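J.: With the UniProt record's numbering as the guide, the letters of the sequence shown map in order to residues 1 to 277.
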Amino acid sequence: MADNNRKRNHNHWNQKVKQKSVEAGVTGLFFSCEGHEKQALQEAYSIIDELLEDPQISTAPEVAAEDVKVSEAKPEVDVGDDSDEDIADALKKACDDQRQAKPGNGKPGKKERRCIQRPTGVKNCIFVSVKNAKIELLAEKMVDLTQKAPRCRYLQRVYPVEHTMSVDLSKMNEVLMKVISDTLKPNDEGKLPTYSVEFKARNNDSVARASVLQMVDDAICVLAPAARVNLNHADVTFFVQVSRTTIMIGVCRQFYDRRKYSLRPVKAATNAVTAAE
Numbered sequence: 001m002a003d004n005n006r007k008r009n010h011n012h013w014n015q016k017v018k019q020k021s022v023e024a025g026v027t028g029l030f031f032s033c034e035g036h037e038k039q040a041l042q043e044a045y046s047i048i049d050e051l052l053e054d055p056q057i058s059t060a061p062e063v064a065a066e067d068v069k070v071s072e073a074k075p076e077v078d079v080g081d082d083s084d085e086d087i088a089d090a091l092k093k094a095c096d097d098q099r100q101a102k103p104g105n106g107k108p109g110k111k112e113r114r115c116i117q118r119p120t121g122v123k124n125c126i127f128v129s130v131k132n133a134k135i136e137l138l139a140e141k142m143v144d145l146t147q148k149a150p151r152c153r154y155l156q157r158v159y160p161v162e163h164t165m166s167v168d169l170s171k172m173n174e175v176l177m178k179v180i181s182d183t184l185k186p187n188d189e190g191k192l193p194t195y196s197v198e199f200k201a202r203n204n205d206s207v208a209r210a211s212v213l214q215m216v217d218d219a220i221c222v223l224a225p226a227a228r229v230n231l232n233h234a235d236v237t238f239f240v241q242v243s244r245t246t247i248m249i250g251v252c253r254q255f256y257d258r259r260k261y262s263l264r265p266v267k268a269a270t271n272a273v274t275a276a277e
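#1: To the nearest angstrom, report how far apart R259 and G28 are at their CA atoms.
#2: Would you mind listing the alpha helix (DSSP H) stretches within the segment 158–232 that are 4+ residues and don't spill past its ends, in chain order?
#3: Where does the unbroken alpha helix (DSSP H) through V266 begin, and where does it stop?
#4: Give a yes or no on whether the C-beta atoms belonging to C152 and D49 are separated by under 9 Å.
#5: Going straight from the alpha carbon of K123 to that of E189, what length do you get?
#6: Measuring straight from C-alpha to C-alpha, what distance separates S211 and Y45?
#7: How would you call T146, buried or exposed, if buried means at least 16 neighbouring beta carbons within 10 angstroms?
#8: Quick one: what's S21 bridged to in DSSP?
#9: Within its chain, find whatever has a CB closer than 6 Å to the CB of M165; leave out the 5 residues flanking it on each side and keep chain order.
#10: Taking all protein chains shown into account, do 16 or more other C-beta atoms lie within 10 angstroms of the C-beta of S206, making it buried, or fewer, making it exposed?
#11: Rounded to whole angstroms, what's the CA-CA distance from Y256 to Y195? Just pull it up for me.
#12: In terms of residue numbering, what span does the alpha helix (DSSP H) encompassing Q39 cover?
#13: Where do the ends of the beta strand (DSSP E) carrying Q147 lie?
#14: For R259, name the three-state secondary structure that DSSP assigns.
Okay, structure coming up:
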């Protein structure tokens with residue numbers, strides 16, 4: 001009887017929403033991990049929060065000058081002939097005004113959440129939507145940071161997702177045309193960047209790799225016919241990730257030179273020899 005009456009604590013960390021795929025119209029970071037998705041998500045949150053403090057990455061609107069003045073100004077209290085009760089009331093009102101002036105979701109003193117995990121419906125895959133940030137630059141900085149020193153135990157790779165949509169080939173073609181048009185532009189010397197394409201489908205067989213490659217090829221023939229493919233050291237890599245019922249599209253720069261956006265540092269050769277021995 002004691003076992004039947006015992007309360008059981010279940011961890012529903014990934015069951016806060018009902019949908020089982022990333023919704024259309026969001027931007028963020030798509031991660032692959034080695035199991036332990038909860039711990040991997042905490043690693044992602046920690047690094048994202050750290051990098052969002054960089055003003056080059058964050059595009060969050062600054063606090064209005066009036067709000068800054070309100071928060072920094074000292075409350076003025078008239079202590080001429082007022083009683084102690086009047087002084088206390090004035091101080092309380094000034095504190096309430098300062099709390100209401102703080103940015104948030106309509107609640108005094110509450111910080112707005114800029115990173116929210118969205119369900120992918122795919123094992124060992126995590127999607128974190130990020131508000132008010134340059135997603136492409138955020139991913140680059142994350143890769144550079146984690147490859148210098150060990151920061152991740154479970155996260156493997158990251159992909160900056162600029163466009164998400166339901167599985168619709170015509171819509172995907174429109175988005176690819178826009179992304180290619182915005183990316184393949186000549187530099188100061190008049191040279192176009194080299195490109196490559198990465199495709200991966202998970203829990204979905206309705207989008208074929210050949211179809212995606214043909215779409216990209218057709219778009220480049222129209223928009224940038226002088227651009228050349230480079231499969232080893234491409235300047236830009238267009239990636240298409242299909243996860244269940246969602247298509248995710250983005251651009252990675254120096255994808256192969258950055259070890260395919262791995263979130264692990266390069267192991268020293270001496271360590272590899274020692275492990276082999």
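Quick reminder that beta carbons are idealized off the backbone N, C-alpha and C, glycines included. Owing to the predicted nature of the structure, the values given are computational and were not obtained by experimental measurement.
T.: Inspection of the coordinates gives the following:
#1: 20 Å
#2: 169–183, 209–223
#3: Unbroken run through V266: none, as it is neither H nor E.
#4: no
#5: 45 Å
#6: 35 Å
#7: buried
#8: S21 is not bridged to any residue.
#9: A24, K171, I247
#10: exposed
#11: 11 Å
#12: 37–51
#13: First-last for Q147: 135–148, but that is the alpha helix (DSSP H), not the beta strand (DSSP E).
#14: helix
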